[in-house]
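Chains as they are written, first to last, in this note's numbering: chain C, 1 to 433; chain Y, 1001 to 1433.
Everything on this sheet refers to the single structure shown next.
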């Protein structure tokens, strides 16, 4: 038996605001950060589970406080008992009867749940000596369904429907697994178009992306429409008419504004418009989607839980599902959304970038392709090239595709020296110059 | 000029779980608590602004951390500059570009925003030497509209529409104010039906409520349908066929379950069914509302922001709007929801109980009646009799109605000795016996 004996939460921040990497219309100077969890166990071989939730700098300490509040629910449990009842464990974390008041299933407490839940999955995968995606691929449809809390989504997908989706794909899992090991998962790059970059830098980065073999690039929009049009023209000039161009407004528009602004951007043939308005506005997204068809709406990085995704699917509000591995309450809830997306026929293109998100979501997209959707049509996985050097098992990109990770775990373990260097506020990186 | 020089946040918890006051189907043993804010100023007369956000015990420390994270936005500002641009101040608090990631406008960071924003309003009302409701009643329609951030709700209500609603009611404000001062605002009681109470206690409390002149009582449901039916029968027997009976499921049902269970409860003629399912499920509430009509759906205490309420109105999902004064981001966002409710013709019956919520919402309902809705039809304000003794200006109930408060401020200032006694974990109330 492997018992969890401690939960440690750390505040780790990278000073990305100094270069405006990651800047967008809503977040002009983020410091990419993480509330980072380490689960220690009572087995002798230094086996640990690691997980994190991504943040933008200030506020990381709030997520750390939330992880500490959840910790007593995990401490003392055995990994075996958790694995035997993943649904129950998830509900114990997300439904704690006093803590749920400050959510429920949203905000700091849900971000903290994600870090903790993913750390448990990391621990499990390390125990199994497999990369997390492979742990999932080796689970039976029944085992996978037993990880999911269907509360509040039964009206969109029943456990029996989820099982049927997984069973349909089970006989052919092996061939898709072989394909992924051979070719990897297709990616797109967001590194070219941060809003804080000059036109010259934007143009240079587009050329670099084309030379690097990228078939999809994403740019930020939403500061003002004239700038958006000028920048979109530069990008389209550089990438040509065939490569795909995604646009990301990071929630700055109202519903009517989004529809009006898209009229100016349609000439640049956007593949999708991402986060055109409030992430909470299911009906607003549906209105936008109807108005701008056939351009598709994408959202998800700020969608708090499976209940919001359920409604986005039910209302035909999105053409792409951009779930986030640590905005949702960790992997268990991600599984729920993957299965709903499959039922509603919506491709899942997870949100990545930040710090650690690429590391997380490669496992999710591999599993989705192998065991849930069975398709690569309209599936591309976000890639941003910052901050991978801090991870022990960083993502590998080859010819614009994610190479399937092989090391045991969820790929989210940071280098000890990075944790020390960037710990906030005590690490050397944060000492006054 | 009055400058804010410090923001202090305290963790105050009342051990209500020891008596199961406040128990419901989702929260079986809450400790009613508050993350409590004090704004100090540089004026000499000890003028302070007080505010709180309500919590259930564990997790209060997370809201305290969130208030501390927001504090630098308020410190150093003058009250005059804030009052001159209430909308800008609200957006500065709720849109802080790093902190918004852990919301946006939801969870711990939004609860903290509410405490801070309401503390500013308390300070302002104390400066004006008026109860808060009277400060609002004395503001012009233009001034009130200028407090509201219309971002994300422009498609449901424009500033011009909001202005028109307020202007229509302005000429007759004085007569409704006189009526409120004379008769108070109608209340209902939730104190009879907590889920942890025995049948005998339930029956005794119903008799007491009838004797006390209450015309509306609310009971908790949702633990299991047989118990719900038995308890509903007891309540209906005691209150007779004319008094109104509300039922509150506290989010325990799925959409289908809610519809099925309501079929068993309809014989007891519920006035509304409150929180039948997830507070995030706009479409689910709309489905339930269609299925159980003419019984009406009520929700709101867990509705995170104006965007969720907008959709509940747009989708015809609720018959009663139960906004919460510190779940929404404080009074500015409450004003937005009051005006949308007026436009859509939905009565507002704010959530109260907890600790301090009755103190808060009396001001909101008085203002709503006097300046926004102009109607008492289907408006009743929740009342729960616990914990008022901790406030300097506690609510007063007379003949089942809230008496309009007269003391300057938002009525939320706690007694210093209560703050000391119940501060967690250092106060005497929390010391091991």
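Yeah, the Cβ is synthetic: ideal placement off N, Cα and C, and Gly gets one too.
Fair warning: this is a prediction, and the values are worked out from it, not measured in the lab.
Check the C-beta distance from residue i over to residue j and give it rounded, since I have them as a contact under 8 Å.
i	j	result
residue 1384 of chain Y	residue 1404 of chain Y	So it is not a contact: roughly 19 Å between Cβ atoms.
residue 22 of chain C	residue 194 of chain C	6 Å
residue 217 of chain C	residue 243 of chain C	7 Å
residue 348 of chain C	residue 379 of chain C	7 Å
residue 1060 of chain Y	residue 97 of chain C	That belief does not hold up - the Cβ atoms of residue 1060 of chain Y and residue 97 of chain C are roughly 14 Å apart, past 8 Å.
residue 318 of chain C	residue 287 of chain C	Not confirmed; about 12 Å, so no contact.
residue 1315 of chain Y	residue 1265 of chain Y	With a Cβ gap of about 23 Å, residue 1315 of chain Y and residue 1265 of chain Y do not count as contacting.
residue 390 of chain C	residue 414 of chain C	5 Å
residue 64 of chain C	residue 9 of chain C	5 Å
Buried or exposed: where does residue i fall if 16 or more other Cβ atoms within 10 Å of its Cβ makes it buried?
i	result
residue 207 of chain C	exposed
residue 1178 of chain Y	exposed
residue 1160 of chain Y	exposed
residue 1057 of chain Y	buried
residue 411 of chain C	buried
residue 119 of chain C	buried
residue 106 of chain C	buried
residue 438 of chain C	The question about residue 438 of chain C has no answer here: the residues shown for chain C are numbered 1 through 433.
residue 311 of chain C	buried
residue 1428 of chain Y	exposed
residue 113 of chain C	buried
residue 1181 of chain Y	exposed
residue 140 of chain C	exposed
DSSP three-state call for residue i: helix, strand or coil?
i	result
residue 169 of chain C	helix
residue 1133 of chain Y	helix
residue 1008 of chain Y	strand
residue 14 of chain C	coil
residue 1036 of chain Y	strand
residue 1402 of chain Y	strand
residue 1075 of chain Y	coil
residue 1319 of chain Y	coil
residue 1299 of chain Y	strand
residue 415 of chain C	coil
residue 1054 of chain Y	strand
residue 381 of chain C	strand
residue 409 of chain C	strand
residue 1421 of chain Y	helix
residue 427 of chain C	coil
residue 1397 of chain Y	strand
Report yes or no: is there a C-beta of chain Y within less than 8 Å of the C-beta of residue i?
i	result
residue 383 of chain C	no
residue 283 of chain C	yes
residue 332 of chain C	no
residue 42 of chain C	no
residue 396 of chain C	no
residue 12 of chain C	no
residue 411 of chain C	no
residue 248 of chain C	no
residue 34 of chain C	no
residue 435 of chain C	For residue 435 of chain C there is no data in the structure shown, the boundaries of chain C being 1 and 433.
residue 97 of chain C	yes
If we cut at 8 Å on Cβ distances, does residue i have a partner in chain C?
i	result
residue 1321 of chain Y	no
residue 1272 of chain Y	no
residue 1062 of chain Y	yes
residue 1101 of chain Y	yes
residue 1154 of chain Y	yes
residue 1180 of chain Y	no
residue 1340 of chain Y	no
residue 1261 of chain Y	no
residue 1139 of chain Y	no
residue 1066 of chain Y	yes
residue 1225 of chain Y	no
residue 1026 of chain Y	yes
residue 950 of chain Y	Since the first residue of chain Y shown is 1001 and the last is 1433, residue 950 of chain Y is not available in this structure.
residue 1029 of chain Y	yes
residue 1256 of chain Y	yes
residue 1305 of chain Y	yes
Compare the C-beta of residue i with all C-beta atoms of chain D and state if any pair is closer than 8 Å.
i	result
residue 1364 of chain Y	Structure shown: chain D not included; protein chains present are C and Y.
Review point. In chain order, which beta strand (DSSP E) runs of at least 3 residues are fully inside the stretch 150-200 of chain C?
Key: Correct list: 185-193.
**Study point:** Entirely enclosed beta strand (DSSP E) segments - the stretch 1219-1278 of chain Y, minimum 3 residues
**Key:** 1244-1248, 1270-1274
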